[in-house]
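Q: Below you'll find the structure I mean.
Structure follows, in structure tokens:
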């Protein structure tokens with residue numbers, strides 16, 4: 003599983019404050035803690051309160067790059083904010099994200115190609131979030147078709163079925179899991195799959211338990227990548243054990259420590 | 003998920019001693035603790051050290067029946083031991099188990115019909131334990147065919163794909179999960195599926211973590227029943243959360259407690 007740490011996000015008070023005050027140490031500590039905990043990449047999000055995200059994003063990118071060469075996942079709903087981050091980056095890049103809307107695709111796919119970035123495609127249309135598996139597959143197919151049109155390599159596309167909170171969309175959970183599995187048969191080579199994990203427990207109690215339960219299931223359905231809190235040790239233990247059961251991590255008595263040292 | 007408590011088993015020292023000394027209180031305490039922890043049924047196994055299982059099994063059945071009316075799962079590789087338990091039982095019954103061997107099927111299927119018992123069918127042949135999904139499906143189909151021949155209702159059959167320890171058969175884990183899913187398409191109505199969970203972590207470290215990781219995956223693959231340790235609170239929390247994500251248990255903030263009170 004490709005693990006993307008989610009904690010550099012201005013919605014967290016201390017990160018929002020550090021962005022505003024240009025306090026590098028807070029951001030860099032957060033970056034390193036996530037890397038040490040096993041992150042393969044770091045999500046970078048200025049947060050909803052950022053008044054000048056076009057300046058904040060490049061500052062965050064530069065700040066994080068000073069301490070790690072891990073790939074950066076530029077997270078914004080505004081293409082111009084992503085463009086500003088891309089221009090500042092030297093690490094490998096993932097754009098988070100386009101939707102299936104033509105207006106976004108026509109801006110973000112050329113940008114991804116220009117910067118040799120990978121791309122997260124959310125199965126969301128102008129009509130909003132899909133309500134079942136069929137709608138997810140339809141939007142996924144539209145994004146894959148757009149990639150072909152732009153000659154963007156499908157291996158560099160991460161499709162996100164949009165994980166909804168279990169306390170409001172319980173009936174859709176199995177559809178979301180099935181989508182992770184079925185996205186793979188849309189094209190050959192298959193697209194990769196990703197989820198923003200924490201959303202599954204948004205507003206719920208026992209958040210960590212729900213998060214890790216869903217992640218283990220998603221891993222068994224073939225999930226390739228997840229944006230998550232790598233400092234949640236129980237979540238990481240569950241993920242490592244899922245990799246073990248799925249034969250992606252070799253068993254040894256100290257398999258948890260062995261994975262962490264990797 | 004239909005939860006079968008595994009703890010009344012003579013292989014545990016205190017249970018073996020209680021069987022030998024005909025100490026009802028130890029057995030009945032073990033039965034009630036498992037029921038209070040959420041067991042829907044109780045496995046009853048005299049253990050490998052029992053010198054007179056044909057007497058021990060009916061004693062265990064009668065002892066447990068004095069304190070609970072939950073279904074009893076008569077667990078022995080010897081059909082005559084199962085027959086002795088069946089004759090002593092008034093609770094609902096599940097026979098654990100037949101294999102795909104004709105000699106066993108020809109004894110146990112008539113017994114199951116005679117006592118209106120459900121039946122666990124292990125996908126094991128005279129050649130031993132299957133090494134891949136195809137062999138599991140072949141043996142499952144043979145057991146289903148035998149049930150049809152004996153006019154035994156398929157809804158009362160629990161097929162067990164044989165869970166192997168992850169530290170010796172890691173490459174087979176995904177095949178076992180896929181078998182759980184694919185057993186369902188062998189017949190209409192479909193057979194039920196079951197696993198003996200604890201075997202997945204036999205000889206491994208982090209046993210509870212591996213057990214619950216596999217159980218959450220198996221639940222997502224459609225598993226109907228599991229023989230497990232219901233006193234493992236983290237395992238039960240994972241199972242309840244799996245039911246939540248799979249929309250089999252309605253969300254409320256106190257969903258863990260709500261399930262336990264049920």
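Chains as they are written, first to last, in my numbering: chain W, 3 to 264; chain C, 3 to 264.
Virtual Cβ for every residue (Gly too), placed ideally from N, Cα, C.
1) Identify the contact partners of residue 234 of chain C in chain W, using a Cβ-Cβ distance below 8 Å as the criterion.
2) Please report whether the beta-carbon of residue 261 of chain W lies at a distance below 9 Å from any beta-carbon of chain C.
3) Can residue 119 of chain C be considered in contact with the ligand SAH, in the sense that its beta carbon sits closer than 8 Å to one or more heavy atoms?
4) Tell me which same chain residues have a C-beta within less than 7 Å of the C-beta of residue 20 of chain C, skipping the five on either side of it?
5) Label residue 108 of chain W either buried or exposed according to how many other C-beta atoms from any shown protein chain fall within 10 Å of its C-beta, with 16 as the threshold for buried.
6) With a cut-off of 8 Å, do at least 3 Cβ pairs link the region 223-240 of chain W to the region 181-198 of chain W?
7) Identify, in the order they occur along the chain, each residue of the same chain with its Cβ nearer than 7 Å to the Cβ of residue 258 of chain C, setting aside the five sequence neighbours on each side.
8) For the region 149-176 of chain W, list every residue whose C-beta sits within 8 Å of some C-beta in chain C, in sequence order.
9) Taking the runs of the alpha helix (DSSP H) that are 4 residues or longer, which of them lie wholly in the region 74-132 of chain C?
10) Using CA atoms only, rank isn't needed, just tell me which of W:102, W:122 and W:140 is closest to residue 95 of chain W.
11) Taking Cβ positions, are residue 59 of chain W and residue 87 of chain W nearer each other than 9 Å?
12) Would you say residue 63 of chain C faces chain W, with C-beta separation under 9 Å as the test?
13) Using the Cα positions of residue 53 of chain C and residue 83 of chain C, report the straight-line distance between them to the nearest angstrom.
14) Any beta carbon from chain C within less than 9 Å of residue 226 of chain W's own beta carbon?
15) May I have the straight-line CA-CA distance separating residue 164 of chain C from residue 171 of chain W, to the nearest angstrom?
16) Just the chain C side, please: which residues come within less than 7 Å of residue 248 of chain W by C-beta, in chain order?
17) Within the 9 Å Cβ cut-off, does residue 216 of chain W reach chain C?
18) Whose Cβ in chain C lies nearer than 7 Å to the Cβ of residue 207 of chain W?
19) Scan the region 72-90 of chain C for residues whose Cβ lies nearer than 8 Å to a Cβ of chain W and list them as they occur along the chain.
20) Can you tell me the Cα-Cα spacing of residue 40 of chain C and residue 4 of chain C, whole angstroms?
21) Whose CA, out of C:221, C:237 and C:188, lies closest to the CA of residue 209 of chain C?
22) Beta-carbon of residue 252 of chain C versus every beta-carbon of chain W: anything under 9 Å?
23) Can you list, in chain order, the residues of its chain whose CB lies under 8 Å from that of residue 143 of chain W, leaving out five sequence neighbours each side?
24) Answer with buried or exposed for residue 214 of chain W, where buried requires no fewer than 16 other C-beta atoms within 10 angstroms of its C-beta.
25) So which residues on chain W does residue 265 of chain C lean against when the C-beta distance must stay under 7 Å?
26) In three-state DSSP terms, what is residue 154 of chain W?
27) Identify every run of the alpha helix (DSSP H) within the region 224-248 of chain C, keeping only runs that are complete inside it and at least 4 residues long; order them along the chain.
28) Anyone know if the C-beta pair for residue 135 of chain C and residue 64 of chain C falls short of 9 Å?
29) Report the option in W:169, W:46, W:72 and W:152 whose CA atom is closest to the CA atom of residue 110 of chain W.
30) Rounding to the nearest angstrom, what Cα-Cα distance links residue 221 of chain C and residue 48 of chain W in this structure?
31) For residue 202 of chain C, which option in W:33, W:14, W:244 and W:70 has the closest C-alpha, if you only look at C-alpha atoms?
32) I'd like the span of the alpha helix (DSSP H) that includes residue 263 of chain C, first residue to last.
33) Sorted by chain position, which residues of the same chain lie with C-beta nearer than 7 Å to residue 85 of chain W's C-beta, five sequence neighbours on each side aside?
34) Report the residues of the region 35-46 of chain C with a CB closer than 9 Å to any CB of chain D, ordered along the chain.
35) Hey, is residue 1 of chain C's beta-carbon within less than 9 Å of any beta-carbon in chain W?
36) Whose Cβ in chain W lies nearer than 9 Å to the Cβ of residue 13 of chain C?
A: Taking the structure as given:
1) Result: empty, since nearest Cβ-Cβ is about 14 Å, beyond 8 Å.
2) no
3) As presented, the structure is devoid of all ligands, the ligand SAH included, so that no description of it is given.
4) 28 and 29
5) exposed
6) yes
7) 239 and 242
8) Per Cβ criterion, the list reads 168, 169, 172, 173, 175 and 176.
9) 81-90 and 104-116
10) W:122
11) yes
12) no
13) 12 Å
14) no
15) In a straight line, the C-alpha of residue 164 of chain C is about 34 Å away from that of residue 171 of chain W.
16) 175 and 176
17) It does; some Cβ of chain C falls within 9 Å.
18) 255
19) none
20) Put simply, the backbone Cα of residue 40 of chain C is about 10 Å away from that of residue 4 of chain C.
21) C:237
22) Residue 252 of chain C counts as touching chain W.
23) 188
24) buried
25) With chain C covering 3 to 264 only, the question about residue 265 of chain C has no answer from this structure.
26) coil
27) 235-247
28) Residue 135 of chain C is not a Cβ neighbour of residue 64 of chain C, given a cutoff of 9 Å.
29) For the residues W:169, W:46, W:72 and W:152, the minimum Cα distance to residue 110 of chain W belongs to W:152.
30) 38 Å
31) W:244
32) 257-263
33) 113
34) Included in the structure are the protein chains W and C, with no chain D among them.
35) In this structure chain C extends from 3 to 264, so residue 1 of chain C is not present and cannot be described.
36) Residues of chain W passing the Cβ test: none, with the nearest at roughly 23 Å.
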